[in-house]
Amino acid sequence: MQTLARWNFNLSKRAKIAVITFALIILVCAKVSQGLANDLIRLSLYDPDHDQWHDILAELAVTPEQRRTGLMHRQYLSDHHGMLFIYEQERPLSFWMKNTYISLDIIYFSSDGVWVNTAPNTTPLSLTTYPSLAPAQFVLELPAGQAKRLNIGAGSQFIVKDCNMLKSGLDFVPCTR
51 MQTLARWNFN
61 LSKRAKIAVI
71 TFALIILVCA
81 KVSQGLANDL
91 IRLSLYDPDH
101 DQWHDILAEL
111 AVTPEQRRTG
121 LMHRQYLSDH
131 HGMLFIYEQE
141 RPLSFWMKNT
151 YISLDIIYFS
161 SDGVWVNTAP
171 NTTPLSLTTY
181 PSLAPAQFVL
191 ELPAGQAKRL
201 NIGAGSQFIV
211 KDCNMLKSGL
221 DFVPCTR
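Heads up: the sequence shown begins at 51 in the numbering used here, then just goes up one per residue.
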C-alpha cells in the first residue's frame, strides 16, 4: 500500500513538472515570436539614376517597443530585406547599433518618402549615433552596402506597394492605392 501511495505522489510530482515545463516552453515561444513577428510589407525604392524601382521586403517597426528593439540580436539579414521604422511625425532622428550584430545601411526619409540621407556600413555593436541630417519620419535599415548597390541617394524615394498591407492609423505612409 505504501508503494502505491509513493507512486501516486511521484506521478503527481511528475505531472506538475511536466505542466510547468510545458507552460515555460509556451511562454518562451510566445516571447520569441513577438520579437520576430513584426508585420511585413513590400516597399519599393526608387533609383533616379537608372529610373527604376527595387522591391524590398520590410518588417514594420511602429510601436515604441518595436522601434526600441529594431534589428537588435539578429545574426543575419538577407539582401532586399530590411526594417522600416515609422514615426508619427517628421523630426530629427538618430540611431545607434547597440546589440546589433550585423552592419547596416540606415536610410532616412522625409514625411513624403523622399531620401534625406544614408548612414552606410554602420559598425556593429557600436554606441556611435547616426543622425538624420534633416527631419525625417521614416527610417529603413538594410544590410550594409545595399543602399549603394541599389543606388539609393539624392532623388530617391520609397513607397509601400499596397496600402491595404498597412494597419489602420498608418494612412500617412507613402503608398500606392
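No residue lacks a Cβ here, since even glycine has one placed at the ideal position from N, Cα and C.
Bridge-paired residues (DSSP) for residue i
i: H131; result: L107
i: C225; result: V210
i: Y158; result: N167 and V189
i: Y180; result: F145
i: S37; result: This structure cannot speak to residue 37, because the chain is shown only from 51 to 227.
i: I136; result: F188
i: Q102; result: D97
N-terminal and C-terminal residue of the beta strand (DSSP E) that residue i is part of
i: Q187; result: A186 to P193
i: S218; result: Looking at the DSSP string, S218 is not in any beta strand (DSSP E), and its letter there is neither H nor E.
i: L175; result: Taken as a continuous stretch (DSSP letters only), L175 belongs to no beta strand (DSSP E), as it is neither H nor E.
i: Y96; result: L90 to D97
Nearest residue (CA-CA) to residue i, options the options
i: V209; options: W103, F145 and P185; result: The amino acid at residue 209 is misidentified as Val; the sequence shows Ile. Comparing Cα positions, the closest option is W103.
i: I152; options: Q139, F145 and Q125; result: Q125
i: I106; options: A204, S160, D221 and L200; result: L200
i: T172; options: S128, Y137 and K148; result: K148
i: E140; options: P174, F188, G203 and L154; result: F188
i: L177; options: D99, M122 and L110; result: M122
i: P114; options: D129, I136, L175 and D212; result: I136
i: A169; options: L175, N88, S160 and T179; result: T179
i: P98; options: A197, I202 and I91; result: I202
i: L93; options: L220, G219, C213 and S160; result: C213
i: D101; options: L220, S218 and A204; result: A204
i: A111; options: D129, E138 and H130; result: E138
Neighbourhood of residue i by C-beta, 6 Å cutoff - its chain only, sequence neighbours within 5 removed
i: L190; result: G132, L134 and I157
i: I96; result: The identity of residue 96 in the sequence shown is Tyr, whereas the question assumes Ile. So the list reads W103, S206 and Q207, once near-sequence residues are dropped.
i: L127; result: I152 and P193
Run of the alpha helix (DSSP H) containing residue i, from where it starts to where it stops
i: L197; result: For clarity, residue 197 is Ala in the given sequence; the question names Leu instead. Segment Q196 to R199, the alpha helix (DSSP H) holding A197.
i: R118; result: P114 to T119
Residues near residue i in its chain [Cβ-Cβ closer than 7 Å; skip 5 each side]
i: P142; result: P181, S182 and P185
i: V223; result: I136, V210 and L216
i: Q116; result: N88
i: K198; result: P170
Cut-off 8 Å between Cβ atoms - residues of its own chain near residue i, not counting five sequence neighbours on either side
i: L86; result: Only weak support exists for where L86 lies, its pLDDT of 44 falling under 50; the coordinates are left without a value.
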